[in-house]
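Numbering-wise (my numbering), the sequence shown opens with residue 21 and increments by one.
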Amino acid sequence: MLKVWEPQAFLQFLNQRRTEFYPEIEARVRSILERVRREGDAALYDLTRRFDGADLEATGLRVTEEEYRAAEAAVTDEFREALRVAVENITAFHRPQVAHSWFITRPDGTILGQRITPVDRAGVYVPGGSAPLFSCLLMTVIPAVVAGVPEVIVCTPPDRSGRIDPHMLVAARAAGVKDVYKLGGAQAIAAMAYGTATVPRVDKIVGPGNYYVTLAKKLVFGPVGIDMLAGPTEVLAVDDGTADAEWLAADLLSQAEHPGGMVILVTAAGASRIAAIGAAMERQAAALPRAGTIRGAGAERGAAGGGANLEEDAEPVDGGGPEHLEGSG
21 MLKVWEPQAF LQFLNQRRTE FYPEIEARVR SILERVRREG DAALYDLTRR
71 FDGADLEATG LRVTEEEYRA AEAAVTDEFR EALRVAVENI TAFHRPQVAH
121 SWFITRPDGT ILGQRITPVD RAGVYVPGGS APLFSCLLMT VIPAVVAGVP
171 EVIVCTPPDR SGRIDPHMLV AARAAGVKDV YKLGGAQAIA AMAYGTATVP
221 RVDKIVGPGN YYVTLAKKLV FGPVGIDMLA GPTEVLAVDD GTADAEWLAA
271 DLLSQAEHPG GMVILVTAAG ASRIAAIGAA MERQAAALPR AGTIRGAGAE
321 RGAAGGGANL EEDAEPVDGG GPEHLEGSG
């Protein structure tokens, strides 16, 4: 599952993909943004039918209470318990990060300080694609709720029947989401940035997405705030040869589940070590329900590069700045 690279060639490849630019895609995104701004819901119905194959005029743009109830009945108690623990842990992690207002009075009576106030409404984009990324929903919604944002909405792509995965809806309710909208791609970003008859305009948009979503966020920034411009999914593990190959393989596979545009990266000590990690990835992937997607990611974007020592292995880390970095040993 891993192609072997020399460190310098590997670093060049990593940085090259960061500078890729597709002007034709930007033109399409601008067109989508403008259509939604001008036509509102009508554009959302048409674009979702065109890109997602879903007729939202039949099912509605916003998830209904009936759909939430059906979702609750469709998930297992085991999932509910895992969700409860996740919400608890993520909330506990973010509470200490909350900024607080402060003021001081100087001897001359001048009052100085900083007032911290949450935005009125936040919009979260949660990618859909081949799997419901409800963990992404939790990681983006809960910080907003902890910060005191009074209203959080979510946009996520529907399936062809116009429905959202029940696990996603149950997670949304558990995290504190007010409304979920069946929208994906640049049209979802446009809807949250400009507002329509159905989708309310938000103050800030957060969450990752594909190239279209990232470009849309970049283009609407100004009138609406954004969190960041997320790049493609990638993980780089620096390994000194002593870590458990099975654990390292599992971490790499956790990123390989994302289809399209990802890179799975390893710097390992020696060819035999690379082979051991690759073999562990093969064994574990064979037991997973989405083995085909994962194997494809490894074959197309999997890379292993080994220097003569850990100092050389650090070059891709310092020069590449991967999205996810792991030190294993």
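Every residue gets a Cβ at the ideal spot worked out from N, C-alpha and C, and that includes glycine. Every value quoted in this text rests on a predicted model; they were computed, and no experiment measured them.
By the 10 Å Cβ neighbour count, where 16 or more other Cβ atoms means buried, how is residue i classified, buried or exposed?
i	result
MET212	buried
THR96	exposed
TYR42	exposed
MET159	buried
VAL118	exposed
Got a sec? Which residues, its chain only, sit under 6 Å from residue i by beta carbon, not counting five neighbours each side?
i	result
LEU132	ILE124
GLY196	VAL165
ASN35	none
Which same chain residues, not among the five before or five after residue i, have their C-beta less than 7 Å away from its C-beta?
i	result
GLY60	THR216, ALA217
ILE45	TYR231, TYR232, LEU235
ASP75	ARG69, GLY182
TYR65	LEU76, GLU77
Residues bridged to residue i by DSSP?
i	result
ALA142	VAL172, LYS224
GLN134	TRP122
GLY245	LYS224
ARG82	TYR201
Using the three-state DSSP reduction, which class does residue i fall into: helix, strand or coil?
i	result
GLY182	coil
ARG293	helix
ASP271	helix
ASN230	coil
LEU308	coil
VAL219	coil
PHE41	coil
ALA263	coil
GLY148	coil
GLY196	coil
Let's see if you can read the secondary structure: which residues bound the beta strand (DSSP E) around residue i?
i	result
PHE123	122 to 125
In the DSSP assignment, find the unbroken alpha helix (DSSP H) run with residue i in it and report its ends.
i	result
VAL161	154 to 167
PHE99	97 to 114
ALA250	No alpha helix (DSSP H) contains ALA250, which DSSP labels as neither H nor E.
PHE71	61 to 71
Compare the C-beta of residue i against all C-beta atoms of chain D and say whether one is closer than 8 Å.
i	result
ALA74	Of the protein chains in the structure, only one exists, and it is not chain D.
Measuring only from the beta carbon, is residue i closer than 7 Å to any heavy atom that is part of the ligand PLP?
i	result
GLU98	Within the structure as shown, the ligand PLP is missing, as the structure has no ligands at all.
Can you list, in chain order, the residues of its chain whose CB lies under 8 Å from that of residue i, leaving out five sequence neighbours each side?
i	result
PRO170	PRO138, ASP140, ARG141
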